[in-house]
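For reference, the structure discussed in these notes is given below.
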Amino acid sequence: MTPTAPGFDGMPPGVRLLDTRELAHDWVRLSKTRFEWQTRDGRTLNTAREVYHLGNGASVLLYNRTQGTVLLTRQFRLPVWLQEGGDGQLIESCAGLIDPGDSPETCARREVAEEMGLRVEHLQPVFQAYMSPGSVSQRLHLFCAEYTPGSAASRGGLAEEGEDIEVLEMPLQQAVDMVYDGRIQDGKTIMLLLHAALTGLDGLIQRRSVGSPIVNNCDLGMDPNQRPTLNAPPAIPPQPLA
-14 MTPTAPGFDG MPPGVRLLDT RELAHDWVRL SKTRFEWQTR DGRTLNTARE VYHLGNGASV
46 LLYNRTQGTV LLTRQFRLPV WLQEGGDGQL IESCAGLIDP GDSPETCARR EVAEEMGLRV
106 EHLQPVFQAY MSPGSVSQRL HLFCAEYTPG SAASRGGLAE EGEDIEVLEM PLQQAVDMVY
166 DGRIQDGKTI MLLLHAALTG LDGLIQRRSV GSPIVNNCDL GMDPNQRPTL NAPPAIPPQP
226 LA
């Protein structure tokens, strides 16, 4: 049995900040912090880490239960293009940064209006997540919301922010298949789509209670390597809205 450091009793290790200096501050702030922290076996380590302070964000998966469809966006992402080449286009759920003083819900509604031309009243909180906790302080608030077919704009985004966003409507099953074949690679979008696949579109309005068991393929008697299959319309290519 691994010994536990005195005074910690298995809780997260203690941390003492030594110094922090700012390396850059343009669109985001980059800092480097030196700190000491005590491991669970009693050692004290002196470590330095760089952290990107992006600010928190919100993302929304828009769905329609009657059609079994979801709305997603497609836009150019420079880091993706620098990493992979190609056209740099990424399919994502609607998302944005939370402005100072705003709530995650306010941010979510604003981004849906800017990117898709829609107004949503009822947001269903799903979960919160750190996407890259080793170097990025950002926490994302993830939501689902229902939309009315035919109400979304075909393109969105703000010209002053250099955005050119295409709005896509597709069956949920098609979107899940695109996760597994690599056409959807954005982390927040993958989490929201697999949540939808796990619960079903009707289940999206039921928020999981704290402490409830996690449902997975093994719980359902399924092969853990089998992708979720939904009772959805036949798969068709993603359709840009006219």
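Numbering (the working numbering), first residue to last: -14 to 227. Cβ atoms here follow ideal geometry from the backbone N, Cα and C, with glycine treated the same way. Please read all numbers here as calculations on a predicted model, not as lab measurements.
Kindly provide the ranges of any alpha helix (DSSP H) runs that are 4 or more residues long and lie completely inside the region 59 to 116, ordered along the chain. 63 to 69, 89 to 101
Would you mind sorting R94 into buried or exposed? The rule is 16 or more other CB atoms within 10 Å of its CB. Against the sequence shown, residue 94 aligns to sequence position 109. Buried: at least 16 other Cβ atoms inside 10 Å.
Note down, in chain order, each residue of its chain lying with its Cβ closer than 6 angstroms to the Cβ of H126, except the 5 sequence neighbours on either side. Within the sequence shown, residue 126 is the residue found at index 141, counting from 1. Taken in chain order, the residues that qualify are A43, P89, Q113.
Would you kindly check if the distance between the Cβ of K17 and the Cβ of L8 is under 9 angstroms? Against the sequence shown, residue 8 aligns to sequence position 23. Against the sequence shown, residue 17 aligns to sequence position 32. Yes, these two residues count as a Cβ contact at 9 angstroms.
If you pair each beta-carbon of the region 34 to 43 with each one of the region 52 to 68, do three or more pairs fall below 8 angstroms? The region 34 to 43, when compared against the region 52 to 68, does not touch it at the 8 angstroms Cβ threshold.
Is the number of C-beta pairs between the region 97 to 116 and the region 44 to 61 that are closer than 8 angstroms three or more? In short, these stretches touch, since the Cβ pair count reaches three.
Take the Cβ of S78 as the centre, count every other Cβ of all protein chains shown within 10 Å, and call the residue buried at 16 or more, exposed below. Here residue 78 refers to the residue found at position 93 when the sequence shown is read from its first residue. Under this definition S78 is a buried residue.
As assigned by DSSP and simplified to three states, the class of V161: Against the sequence shown, residue 161 aligns to sequence position 176. Three-state DSSP puts V161 in a helix.
Whole-Å CB distance - L186 paired with L57, under 8 angstroms assumed: Here residue 186 refers to the residue found at position 201 when the sequence shown is read from its first residue. Here residue 57 refers to the residue found at position 72 when the sequence shown is read from its first residue. No, L186 and L57 are not in contact; Cβ-Cβ is about 15 angstroms, not under 8 angstroms.
By the three-class DSSP mapping on this structure, what secondary structure does G42 have? To locate residue 42, count along the sequence shown from 1; it is residue 57. If DSSP states are grouped into helix, strand and coil, G42 belongs with the strands.
So F61 and Q74 are in contact, right, with Cβ under 8 angstroms, and what is the actual spacing, rounded? Here residue 61 refers to the residue found at position 76 when the sequence shown is read from its first residue. Here residue 74 refers to the residue found at position 89 when the sequence shown is read from its first residue. About 6 angstroms; that satisfies the 8 angstroms criterion.
Of all the options V97, R14, V0, which has the alpha carbon lying nearest to the alpha carbon of T24? The residue given as residue 24 occupies position 39 in the sequence shown. Measuring from the Cα of T24, the nearest candidate turns out to be V0.
State the Cα-Cα distance for the pair L157 and G119, rounded to the nearest angstrom. Taking the first residue of the sequence shown as position 1, residue 157 is located at position 172. Taking the first residue of the sequence shown as position 1, residue 119 is located at position 134. Distance between the alpha carbons of L157 and G119 is about 32 angstroms.
Quick one: Cα of G81 to Cα of T32, how far? Along the sequence shown, read from residue 1 onward, the residue named residue 81 stands at position 96. Along the sequence shown, read from residue 1 onward, the residue named residue 32 stands at position 47. Roughly 32 angstroms between the two C-alpha positions.
Quick check on the DSSP output: the alpha helix (DSSP H) that includes I175 runs from which residue to which? As a position in the sequence shown, residue 175 is number 190, starting the count at 1. Run containing I175: 172 to 184, per the alpha helix (DSSP H) assignment.
Check the C-beta distance from I169 over to M163 and give it rounded, since I have them as a contact under 8 angstroms. Your numbering for residue 169 matches position 184 in the sequence shown. Your numbering for residue 163 matches position 178 in the sequence shown. Confirmed, Cβ separation roughly 4 angstroms.
Three-state secondary structure assigned by DSSP to P134: Position 149 of the sequence shown, counted from the first residue, corresponds to residue 134. Three-state DSSP puts P134 in coil, outside helix and strand.
So, using beta-carbon positions, are G128 and Q159 closer together than 9 angstroms? The residue given as residue 128 occupies position 143 in the sequence shown. The residue given as residue 159 occupies position 174 in the sequence shown. According to the sequence displayed, residue 128 carries Phe and not Gly. No; because the gap between Cβ atoms is not below 9 angstroms, this pair is not in contact.
Nearest to S122 by CA position, among R14, P134, L179, Y165, is which residue? Position 137 of the sequence shown holds residue 122. When only C-alpha atoms are compared, the closest one is R14.
Residue from G70, T133, A130, V36 whose Cα sits closest to the Cα of R6: Residue numbering aside, residue 6 sits at position 21 when the sequence shown is read from its first letter. Minimum Cα distance to R6 is reached at V36.
Could you tell me if E96 is buried or exposed, where buried requires 16 or more neighbouring beta carbons within 10 angstroms of its beta carbon? Walking along the sequence shown from the start, residue 96 turns up at place 111. E96 comes out buried.
With a 10 Å radius around its C-beta and 16 neighbouring C-beta atoms as the bar for buried, classify Y132 as buried or exposed. Counted from its first residue, the sequence shown places residue 132 at position 147. With 16 or more other Cβ atoms within 10 Å, it is buried.
CA nearest to the CA of T54, picked from M155, G172, D11: Indexing the sequence shown from 1 puts residue 54 at position 69. Of the candidates M155, G172, D11, the one whose C-alpha sits nearest the C-alpha of T54 is M155.
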